[in-house]
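Taking it in order: structure first as structure tokens, then the write-up.
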Amino acid sequence: VARAEEYVSEDHAQFETVVHDLERAKTIYEEKNQLLYKKETDVGRAEARLRAERAAFEQSKQELLHKAREEANNIVREARRSAEETIQSLKEQFDDHGIKERQKAIQAARTRLNEAYVHNISPKIPAEGRPVRPGEVQSGDTVYIRTLAQEGTVLSVQGKELSVQVGGLRTMVKMDACTFVGHQKRKKKINKIRVGGSLAQKSAEVRPQIDVRGMTVLEAEAVLEKFIDDAVFAGLSTVLVIHGKGTGALRLGLRDYFKRNKSIRAFSFADISEGGTGATVVTLK
1072 VARAEEYVSE DHAQFETVVH DLERAKTIYE EKNQLLYKKE TDVGRAEARL
1122 RAERAAFEQS KQELLHKARE EANNIVREAR RSAEETIQSL KEQFDDHGIK
1172 ERQKAIQAAR TRLNEAYVHN ISPKIPAEGR PVRPGEVQSG DTVYIRTLAQ
1222 EGTVLSVQGK ELSVQVGGLR TMVKMDACTF VGHQKRKKKI NKIRVGGSLA
1272 QKSAEVRPQI DVRGMTVLEA EAVLEKFIDD AVFAGLSTVL VIHGKGTGAL
1322 RLGLRDYFKR NKSIRAFSFA DISEGGTGAT VVTLK
């Protein structure tokens, strides 16, 4: 019996040890479980906070984008309105009721052009001599150009128009605007005299041109108004407008503009060497 009691005591002691170890393990597990739960809770709160911040950021971003779009649209509308008002003002200045004023402005501009830009050429002389007619004029002849109030040397005859050299100014003029000063032998070389000023330099080209590729129709019209007026003031008969091919929207829009412009007599696509359907030759009145 005593021996049995000893065994029982030993087994009980071992059992107590096992139970104690289990309880301690349970306590450690519960502590870790609580710590894990706390971390999960913290993570959940952080995720919720991030979601809220993200939602607020997206809302703020959309509001800023909307505001930026509105401001951009307002700027575009204002620019378009201003451009339309400018174009309308220009059209009103040069409508049918303002032809006399326009002719006065053209003549005044031509006078300023001659006085400001053309140097070292013969003094102005009265319009004398017989009119220039087809078949009676040749390269090298000296003619008096009434529209420029200057003498010039004929470079070539092109139908009813003459290519003439006036000092350093090379331009096309109408034959019926010229009278003979006297026949001269054809010169092999024409001495060119340098002239100043951008307008005279434009006139010195065989066919002045302007490039409006990349512009809207309204932008191109505003630019062409001044360009064509400058060309008319300089006494040019033709200019070249480069608009490109692209979708054709700019080309079609400009064709309507050419039809409305009272300074334009005719227009047609350029030769292949000058751009073909990507450019238009404009004949001025």
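Residue numbering for the sequence shown is 1072 to 1356, as defined by the numbering used here.
Glycine residues also receive a C-beta, built at the ideal position from the N, C-alpha and C atoms.
The C-beta distance from V1312 to L1295 rounds to 7 Å, short enough to meet the 8 Å contact threshold.
Per DSSP, V1288 is one residue of the alpha helix (DSSP H) stretching across V1288 to F1304. One thing to note: V1203 has its Cβ within 8 Å of the Cβ of M1246.
The three-state reading of DSSP puts E1111 in helix, counting H, G and I together. Unbroken beta strand (DSSP E) stretches of 3 residues or longer found wholly inside the stretch 1203-1247: 1213-1216, 1221-1229, 1232-1237 and 1240-1245, given in chain order. By DSSP's assignment, V1312 forms a beta bridge with I1281 and T1351. In this structure, A1337 lies away from T1242, with their beta-carbon atoms at least 8 Å apart. Bridge pairing for A1337: T1354 [DSSP]. As DSSP reads the structure, F1329 sits in no beta bridge. When DSSP states are grouped into helix, strand and coil, T1098 belongs to the helix group. By the CB criterion at 8 Å, V1244 and L1233 fall inside the cutoff.
Across the set K1356, A1248 and T1218, the C-alpha of K1356 shows the shortest separation from the C-alpha of F1329.
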